[in-house]
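Colleague: Take a look at this one; I'll ask things after.
Protein chains in written order, with the working numbering: chain A, 270 to 830; chain B, 9 to 364.
Structure below.
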């Protein structure tokens, strides 16, 4: 505590020289929630992982588990899935994004939306679909009489690849969407072949997107919890192990150690990704001529085939879930019914409405908090501003489960003031907000950057007050992005699983958790029905907002991120 | 005096952007702040606008001290280089913005908006959004928006810099026309000397935070007060020389020239800089002249359209080129071509002498 006070005093004295009293207060007010809901829980995990059996600080947890062959095997398993799945996801996503932005194939918008479908579903839907499609009692085995068994390594591998695909496609699309036609014309004039142009012009321009996508996909795969839980079978990975140890055996110490272990690759990935992003120079100059893809029949046909195949895989898996949700008794009685939507176990529709409440709360609170944080971080040059920036993007390196576990250690203690909201929907919403804080914060930052500094001065010269400037000039500019930000938080809250899995309680069960529990208790068709309900709702909300925004006259608002 | 600046100083950290500037501007006058980037011209404009506060000195408008008046309450109009039209408002709403801020009676606003839009010939485009307008149109809307609340002073911060050359020319005339018609006191910041010379009643040349010269454009060009102004405004040849007694200078090669315009009190024998404009540099054919001419060789002739530029290598001073600008007729009459020897005459009345 005395160290913290000493640091605090030094920070204060360094800030005093800046004499930005008004801003300082605001910065601290915005910074405190970040410290409470991100930094403190992480510290709590770290602390817990170094607590010995006698309650003293020691490294015995680490020495014990890192000499335990079964624990080392689980670490090996995690990497054995994560590395190849990352590579395969990237290759598929790159070709997919290339086809969408650099070829003349038809129906690009449709292919893109299909690729985004996994974002609208709880992270275990891929595994659920695969289980229905290729499991022992799966559709394929039943129809063709084969003996496929998808449980285990290959199940996790395929499910995670499908799950991570939209994230990679989003990033690589952004990288491939812009191109300077003049570069290609120059290359062609110099006699470069298509392949050489790809290697020397396209690849270098998208290299940073590729690096960025690599790390994000790797982080997603190694920390994914829902899919391995459903389809992993006996194949244990770190994310499922942490759940089993904490929820099943109340082994918090080991949970904390795994949490720290999971934090390392994710943190490295995020640091490298940020570093690369900072170094990325603007590839497009003001004079650039947009590239219009030319028709290349053979290549276009091949790309179209590939894209269609990928979309078919995504739709087959998701479609199987939707289909199974209407089936009487999978796989024995395939006659259709709505009975699965009665949800006679796990609290029925209750978790869905809890999720809805939580998502609304997260959308509004998250929108306000990330925007405020982005605004303050952008307008503060003090050391507090830099700390605020760091704390705001720190969650990008924190897997949802680790954050959730941290909340248990940090707040499940009546002595802690935050205990008042422990177990409430607000707690779940805050957890989700901070889980996705980095993305929201960066989105808000981009929105605020659209406000040209001279807008303020122009308004001031015309006699506009601070409030009028904000209300009439700033708000209309950033509103579309802010709506997109709210939708983002809403959407993620509806499908999130890993962050909240340790925090839900009987009264505050969430939709995605319900799916997991239904599947776990063998109610596969009801799990499918619940998943379908969530997907349909999220998609309906997205479509609804898109229509509202269109009518309101806002164009080019990105709701999917 | 309408607008008066007295001993205005502005520092940013260790840098003094504006140093002890005093300036008086008459009602209805169009003044340009001209200078290279970083000379303090924009800072000075922002001090007048009230967007920055001077560290020392006062700014008065018609004998009222503006020091305690914020930009919001000064009622000065300002046009920015980046247009700064509010993207979410159409043309009419952009123009009406200041009227609402200044609490004009609601029923008068539409008429005023129409008036100023007609002034800049954009009345038809009232319902367009900024993104649907060209750069030139956007800047005219910005001008209309600045003028709508009938400001006491109009401030233009490099208003034409972001525009194409052609648009810049037409807008230059338009801004001047509107300014004359309204008779509004106007300050424009620019780094483009042509813009300053064509538009301003008076030009304030700034360098390193101080005013070098304040004069009418013809005076500024015809009688530059300092070597900096001579160099910055228009093209100028500079020759190294030494002061002689009797208002004369001696060039490196021994040529002695009578100079009419001394802007230095350098003692005989000390180094000075001799300046002459290319269009005042006369060329003649034939052999070596007297002691008041320079022998040279034509190194390069460049066609400029209405005239030719001739670069001369001086016999006495091989290291420096002397530049002359001649009409097409003069070139033809003298039959000049590259490599030929010529005799250069520098007329006494066009020679300027500055401290070295």
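Think of the CB as a built atom: it goes at the ideal place given N, C-alpha and C, for glycine as much as any other residue.
1) What residue range is occupied by the uninterrupted beta strand (DSSP E) comprising residue 219/B?
2) Is residue 599/A helix, strand or coil by DSSP?
3) Output, in chain order, the set of chain A residues within a Cβ distance shorter than 7 angstroms of residue 109/B.
4) Count the other C-beta atoms from every protein chain shown that fall within 10 angstroms of the C-beta of residue 726/A, then say buried if there are 16 or more, exposed otherwise.
5) Strictly by DSSP, which residues pair up with residue 304/B?
6) Can you tell me which of the three DSSP states residue 370/B falls into?
7) Return no unless some Cβ of chain A is closer than 7 angstroms to the Cβ of residue 43/B.
8) Excluding sequence positions up to five away, which residues of its chain have a Cβ less than 6 angstroms from the Cβ of residue 357/B?
9) Three or more C-beta pairs under 8 angstroms: does that hold for the segment 732 to 747 of chain A against the segment 92 to 109 of chain B?
10) Specify the secondary structure class of residue 285/B as computed by DSSP and reduced to three states.
11) Verify the CB distance criterion: does residue 148/B have a CB-CB separation below 7 angstroms to chain A?
12) Considering only the alpha carbon of each residue, which of 83/B, 91/B, 128/B and 127/B lies closest to residue 111/B?
13) Which two residues bound the contiguous beta strand (DSSP E) that contains residue 40/B?
14) Can you pull the chain B residues whose beta carbon is under 7 angstroms from the beta carbon of residue 723/A, in chain order?
15) Since residue 705/A and residue 761/A should fall inside the 8 angstroms C-beta cutoff, what is the C-beta to C-beta distance between them, to a whole number of angstroms?
16) If you drop the 5 nearest sequence neighbours on each side, which residues of the same chain put their C-beta closer than 8 angstroms to that of residue 759/A?
17) Answer yes if the segment 456 to 475 of chain A comes into contact with the segment 508 to 520 of chain A, meaning at least three C-beta pairs across the two stretches below 8 angstroms, and no otherwise.
18) Roughly how many angstroms lie between the CA atoms of residue 724/A and residue 701/A, to the nearest whole one?
19) Straight-line CA distance for residue 383/A to residue 584/A?
20) Evaluate residue 816/A with the Cβ neighbour count: other Cβ atoms within 10 Å of its Cβ, from every protein chain shown; 16 or more gives buried, anything less gives exposed.
21) Looking at the structure shown, is residue 261/B part of a helix, part of a strand, or coil, going by DSSP?
22) Would residue 317/A and residue 678/A be called neighbours here (beta carbons separated by less than 7 angstroms)?
23) What does residue 157/B reach in chain A if we use C-beta pairs closer than 8 angstroms?
24) Closest Cβ-Cβ distance between residue 283/B and chain A: below 7 angstroms?
25) Return the residue from the list 464/A, 370/A, 455/A and 355/A that minimises the CA-CA distance to residue 431/A.
26) Could you name the residues of the same chain whose beta carbon sits closer than 7 angstroms to that of residue 286/A, not counting the 5 residues immediately before and after it, in chain order?
27) Below 7 angstroms on C-beta distance, what does residue 742/A contact in chain B?
28) Would you check if there are 3 or more beta carbon pairs closer than 8 angstroms linking the segment 477 to 492 of chain A to the segment 590 to 604 of chain A?
29) Is there a Cβ from chain D that is less than 7 angstroms from the Cβ of residue 713/A?
30) Between residue 313/A and residue 675/A, what straight-line distance do the alpha-carbon atoms span, to the nearest angstrom?
31) Which one or two residues does DSSP pair with residue 195/B in a beta bridge?
32) With a threshold of 7 angstroms between beta carbons, is residue 120/B in contact with chain A?
33) Identify which residue in 303/B, 40/B and 49/B has its Cα closest to the Cα of residue 24/B.
34) Going along the segment 746 to 775 of chain A in order, which residues come within less than 7 angstroms of chain B, judged by CB to CB distance?
35) Would you say residue 355/B faces chain A, with C-beta separation under 7 angstroms as the test?
36) Find the residues of chain A that neighbour residue 160/B, judging by a C-beta separation of less than 9 angstroms, and give them in chain order.
Modeller: Once the coordinates are examined:
1) Position 211 of the second chain, counted from the start, is the residue given in the question as residue 219/B. Residue 219/B -> beta strand (DSSP E) spans 218 to 223.
2) Within the first chain, the letter at position 330 stands for residue 599/A. Reduced to three states, the DSSP call for residue 599/A is coil.
3) Residue 109/B sits at position 101 when you count from the first residue of the second chain. What residue 109/B touches in chain A: 731, 732, 733 and 737.
4) To locate residue 726/A, count along the first chain from 1; it is residue 457. Burial call: buried.
5) For this step, residue 304/B is matched to residue 296 along the second chain. 322/B and 350/B, per the DSSP bridge assignment.
6) Residue numbering for chain B in the displayed model covers 9 to 364; residue 370/B lies beyond these limits and cannot be assessed.
7) Here residue 43/B refers to the residue found at position 35 when the second chain is read from its first residue. Output row for residue 43/B: interface = no.
8) For the purposes of this step, residue 357/B is taken as residue 349 along the second chain, with counting starting at 1. Result list for residue 357/B: 268, in chain order.
9) Contact between the segment 732 to 747 of chain A and the segment 92 to 109 of chain B is established, with three or more Cβ pairs separated by less than 8 angstroms.
10) Locating residue 285/B in the second chain gives position 277, counting from the first residue. Residue 285/B: coil per DSSP, three-state reduction.
11) In the second chain, residue 148/B corresponds to position 140, counting from 1. Chain A contact via Cβ: absent.
12) Position 103 of the second chain, counted from the first residue, corresponds to residue 111/B. Sorting 83/B, 91/B, 128/B and 127/B by C-alpha distance to the C-alpha of residue 111/B places 83/B at the top.
13) The sequence position of residue 40/B within the second chain is 32, counting from 1. Run containing residue 40/B: 38 to 42, per the beta strand (DSSP E) assignment.
14) As a working note, residue 723/A is residue 454 in the first chain. By Cβ distance, chain B contributes 88, 90 and 92.
15) Position 436 of the first chain, counted from the first residue, corresponds to residue 705/A. Position 492 of the first chain, counted from the first residue, corresponds to residue 761/A. The pair is a contact, with the Cβ atoms about 5 angstroms apart (cut-off 8 angstroms).
16) Here residue 759/A is taken as the residue at index 490 of the first chain, counted from 1. Hits under 8 angstroms: 628, 629, 631, 632 and 810.
17) no
18) As a position in the first chain, residue 724/A is number 455, starting the count at 1. As a position in the first chain, residue 701/A is number 432, starting the count at 1. Looking at the two C-alpha atoms, the distance is approximately 34 angstroms.
19) As a first step, residue 383/A is located in the first chain; it is residue number 114 there, counting from the start. As a first step, residue 584/A is located in the first chain; it is residue number 315 there, counting from the start. If I take the Cα positions, the gap works out to 7 angstroms.
20) For the purposes of this step, residue 816/A is taken as residue 547 along the first chain, with counting starting at 1. With fewer than 16 other Cβ atoms from the protein chains shown falling within 10 Å of its own Cβ, residue 816/A counts as exposed.
21) Mapped onto the second chain, residue 261/B falls at position 253. When DSSP states are grouped into helix, strand and coil, residue 261/B belongs to the coil group.
22) Translated into the one-based positions of the first chain, residue 317/A becomes position 48. Translated into the one-based positions of the first chain, residue 678/A becomes position 409. Their beta carbons are under 7 angstroms apart, which means residue 317/A touches residue 678/A by this criterion.
23) The sequence position of residue 157/B within the second chain is 149, counting from 1. 731 and 732, listed in chain order.
24) Residue 283/B sits at position 275 when you count from the first residue of the second chain. So, not an interface residue.
25) The residue you call residue 431/A lines up with position 162 of the first chain. Considering only alpha carbons, the answer is 355/A.
26) The sequence position of residue 286/A within the first chain is 17, counting from 1. Because residue 286/A sits at a pLDDT of 37, beneath the cut-off of 50, its placement in the model cannot be relied upon, and the following sentence gives the value as read from the coordinates. Same-chain partners within the cutoff: there are none.
27) On the first chain, position 473 is the one that residue 742/A refers to. Those within 7 angstroms of residue 742/A in chain B are 94.
28) no
29) Absence of chain D from the displayed structure is noted, the protein chains being A and B.
30) Residue numbering aside, residue 313/A sits at position 44 when the first chain is read from its first letter. Residue numbering aside, residue 675/A sits at position 406 when the first chain is read from its first letter. Each residue's Cα considered, the two are about 6 angstroms apart.
31) For the purposes of this step, residue 195/B is identified with residue 187 of the second chain, where counting begins at 1. For residue 195/B, which the question treats as bridged, DSSP gives the partners 39/B and 163/B.
32) Taking the second chain and counting its residues from 1, the one referred to as residue 120/B is at position 112. With 7 angstroms as the cut-off, residue 120/B does not count as an interface residue toward chain A.
33) The residue labelled residue 24/B in the question sits at position 16 within the second chain. When only C-alpha atoms are compared, the closest one is 49/B.
34) 746
35) For the purposes of this step, residue 355/B is taken as residue 347 along the second chain, with counting starting at 1. Answer no: the Cβ-Cβ gap between residue 355/B and chain A never drops below 7 angstroms.
36) By 1-based counting over the second chain, the position of residue 160/B is 152. Simply none; closest approach about 12 angstroms.
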